[in-house]
Amino acid sequence: MYGGGYIHDSEGKKAPEQLQEDPALLAAFQARIDRGEKIEPRDWMPQAYRKQLIRMIEQHAHSEIIGALPEGTWITRAPGFRRKLALMAKVQDEVGHAQLLYSAAETLGKSREDMINDLLNGKSKYSNVFNYPAKTWADIAVIGFLIDAAAIVNQVANSKGSYGPYCRALERICYEESFHLKQGHSIFVYLATGTAVQRSMVQDALNRWWKPIMHFFGPSDVMSQHTEQLMRWKVKMASNDDMRQQFLNMYVPKIWEVGLTLPDTALSKDPETGKWNFGDPDWDEFYEVIKGNGPCNSERIAVRKASEQNGRWVRAALHKADERYTIPLA
Amino acid sequence: MKIQSLDPRVNRLALDAESPYENNVLQQEDHFQTYQVFHQKKRGDKHICVGIVHAPSDEMALVFAKEQFARRGETVNLWVVNTRHVLAMDYDDTDIFSTTTEKIYRDPAGYKVNDKIDAYKKSQIDV
């Protein structure tokens, strides 16, 4: 799961700092990317490229870790042994994805400890959807089906980006995500074609999750110089709106085909342009949740802090003082 | 917008979600080492480098490699190698791999004798 299209970028709002880069190196770098070459950890790269990738991969990694929390709470309550096994496997995959992504980010020079510290002290963000609660079993259907689907749209795009270690991590992640999506869809269809109570449960979950799902890819991109640069460098592979359109096009029909509805009455596909129209998904709420005022922001971080603290003695016991960290080759 | 938590971890552990971030900063000395992981799918296949794990010791690296890279599909064996034991060339030095001279003499396609054989056979018939 879970790399949202939206990369929280507090510095992007300030005037971009123009670092003096050697124009010859910059041109050669751009030429490599234009030829479709991948950039590897020890290659020369512009500072702005490195910074944006660290921010992006790190936020993706945090989203995997935090994303496992709302689903993890449902393992003990999953209906039946098969569903329990599948959900455990999915949560384990998500944590595994975080490990792969932290490794990819580490190759750019930020240590894993710094990344985890920045998650815990709030400096580094994660996907906003995980600041909402998973109230019923149907929420697990909606998360596994639709949020994983949205993440796949974003991750497939990013896996064609320019940074080698990130692309390789994403290829593996996308492969595992397809199982997550299938199991989410299976729960979703079972509930939607089940008893009246099951149907109303999944309808209620859809109604609650639709707004965060529309927020998932972020607001329309401001086509700044900064964004255009990131697209030329193949760091950002598609605009937020394009990814949202692709998601709506693929998945709204799959919701409607089982007779469920979406709470946005304006949602419809324009037969002329093939584009989806939708109502305002309340971007004020989106920004409010990013600021930390969502329903679950503080408890997500509290759980993460507790696991860090509870696991500390294990780390200390295993730690070998004479062994030195080496930046991975990825 | 805050709600009563639904997370059993929060409720049972009575976590204080509002507690400030303190005494919880990971130190650099907590930093584990990195290991490159090599995966073998079937006996007789090559081990293929599949990624990295972050582990405090060689033995734990193998345990984590199993968790990370052998969760599904077939695996018969894994290797882990501490990243610091990998001696790598620099991508900036790729010019050392370029050769100026023709190396057709290293290639099976560089040895074509059928013309000669045919010519020889023909000359024998003519005689």
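Top line first, the protein sequences correspond to chains A and B.
Everything in the first sequence is counted per numbering that gives the first Met the number 0, starting at 0 for the first residue and increasing by one.
Everything in the second sequence is counted per numbering that gives the first Met the number 0, starting at 0 for the first residue and increasing by one.
Even glycine gets a Cβ: it sits at the ideal position worked out from N, Cα and C.
Flag residue i as yes if its beta-carbon sits less than 9 Å from any beta-carbon of chain E, otherwise no.
i: residue 101/A; result: In the displayed structure, chain E is absent; the protein chains listed are A and B.
Comparing the C-beta of residue i with each C-beta of chain A, is any distance below 9 Å?
i: residue 33/B; result: yes
i: residue 122/B; result: no
i: residue 39/B; result: no
i: residue 107/B; result: no
i: residue 6/B; result: yes
i: residue 2/B; result: yes
i: residue 12/B; result: yes
i: residue 77/B; result: no
i: residue 87/B; result: yes
i: residue 61/B; result: no
i: residue 97/B; result: no
i: residue 53/B; result: yes
i: residue 74/B; result: no
i: residue 90/B; result: yes
i: residue 113/B; result: no
i: residue 30/B; result: yes
Taking the alpha-carbon positions, what's the residue i to residue j distance?
i: residue 32/A; j: residue 232/A; result: 7 Å
i: residue 61/A; j: residue 117/A; result: 10 Å
i: residue 163/A; j: residue 182/A; result: 30 Å
i: residue 282/A; j: residue 289/A; result: 11 Å
i: residue 38/A; j: residue 206/A; result: 42 Å
i: residue 234/A; j: residue 56/A; result: 10 Å
i: residue 96/A; j: residue 263/A; result: 33 Å
i: residue 73/A; j: residue 111/A; result: 28 Å
i: residue 15/A; j: residue 237/A; result: Confidence at residue 15/A is low in this model, with a pLDDT of 49, below 50, so its placement is unreliable and no value can be given for it.
i: residue 47/A; j: residue 271/A; result: 40 Å
i: residue 114/B; j: residue 96/B; result: 34 Å
i: residue 331/A; j: residue 201/A; result: Because chain A here runs from 0 to 329, residue 331/A falls outside it and cannot be looked at.
i: residue 108/B; j: residue 45/A; result: 44 Å
i: residue 319/A; j: residue 56/B; result: 8 Å
i: residue 7/B; j: residue 285/A; result: 26 Å
i: residue 287/A; j: residue 248/A; result: 28 Å
i: residue 156/A; j: residue 239/A; result: 11 Å
i: residue 125/B; j: residue 90/B; result: 60 Å
i: residue 87/B; j: residue 93/B; result: 12 Å
i: residue 13/A; j: residue 218/A; result: Annotation note: pLDDT 49 at residue 13/A (below 50); position unreliable, no value reported.
i: residue 146/B; j: residue 26/A; result: Lying outside 0 to 126, the shown extent of chain B, residue 146/B is not represented and no answer is given.
Shortest alpha-carbon distance to residue i belongs to which of the options?
i: residue 93/A; options: 111/A, 166/A, 143/A and 327/A; result: 143/A
i: residue 213/A; options: 221/A, 246/A and 156/A; result: 246/A
i: residue 67/A; options: 128/A, 109/A, 26/A and 43/A; result: 128/A
i: residue 139/A; options: 124/A, 107/A, 105/A and 179/A; result: 179/A
i: residue 243/A; options: 77/A, 146/A and 65/A; result: 146/A
i: residue 171/A; options: 125/B, 70/B and 58/B; result: 70/B
i: residue 154/A; options: 227/A, 100/A, 279/A and 85/A; result: 100/A
i: residue 90/A; options: 266/A, 64/A and 79/A; result: 64/A
i: residue 29/A; options: 70/A, 98/A, 77/A and 230/A; result: 230/A
i: residue 330/A; options: 192/A, 52/A and 194/A; result: In this structure chain A extends from 0 to 329, so residue 330/A is not present and cannot be described.
i: residue 295/A; options: 126/A, 22/A and 254/A; result: 126/A
i: residue 168/A; options: 196/A, 297/A, 104/A and 324/A; result: 104/A
i: residue 135/A; options: 161/A, 25/A, 198/A and 221/A; result: 198/A
i: residue 85/B; options: 35/B, 116/B, 103/B and 105/B; result: 35/B
i: residue 189/A; options: 254/A, 177/A and 241/A; result: 254/A
i: residue 130/A; options: 42/A, 325/A, 317/A and 293/A; result: 293/A
i: residue 186/A; options: 228/A, 276/A, 137/A and 177/A; result: 137/A
State yes or no: is the C-beta of residue i within less than 9 Å of the C-beta of residue j?
i: residue 149/A; j: residue 216/A; result: yes
i: residue 173/A; j: residue 151/A; result: yes
i: residue 291/A; j: residue 121/A; result: yes
i: residue 211/A; j: residue 5/B; result: no
i: residue 327/A; j: residue 51/B; result: yes
i: residue 78/B; j: residue 37/B; result: yes
i: residue 33/B; j: residue 54/B; result: yes
i: residue 25/B; j: residue 322/A; result: no
i: residue 14/B; j: residue 313/A; result: no
i: residue 41/B; j: residue 47/B; result: no
i: residue 109/A; j: residue 58/A; result: no
i: residue 204/A; j: residue 141/A; result: yes
i: residue 268/A; j: residue 251/A; result: yes
i: residue 304/A; j: residue 24/A; result: no
Verify the contact flag: residue i, CB atom, against every heavy atom of the ligand COA, threshold strictly below 8 Å.
i: residue 61/A; result: Of the ligands one can find in the structure shown there are none, so the ligand COA has no counterpart to examine.
Which whole-angstrom value describes the C-beta separation of residue i and residue j, a residue pair presumed to lie in contact below a C-beta threshold of 8 Å?
i: residue 68/B; j: residue 49/B; result: 5 Å
i: residue 209/A; j: residue 261/A; result: 6 Å
i: residue 49/A; j: residue 107/A; result: 5 Å
i: residue 278/A; j: residue 265/A; result: 4 Å
Taking only beta-carbon atoms, is residue i less than 9 Å away from chain B?
i: residue 120/A; result: yes
i: residue 154/A; result: no
i: residue 332/A; result: The displayed coordinates of chain A run from 0 to 329. Any statement about residue 332/A would go beyond what the structure contains.
i: residue 328/A; result: yes
i: residue 42/A; result: yes
i: residue 157/A; result: no
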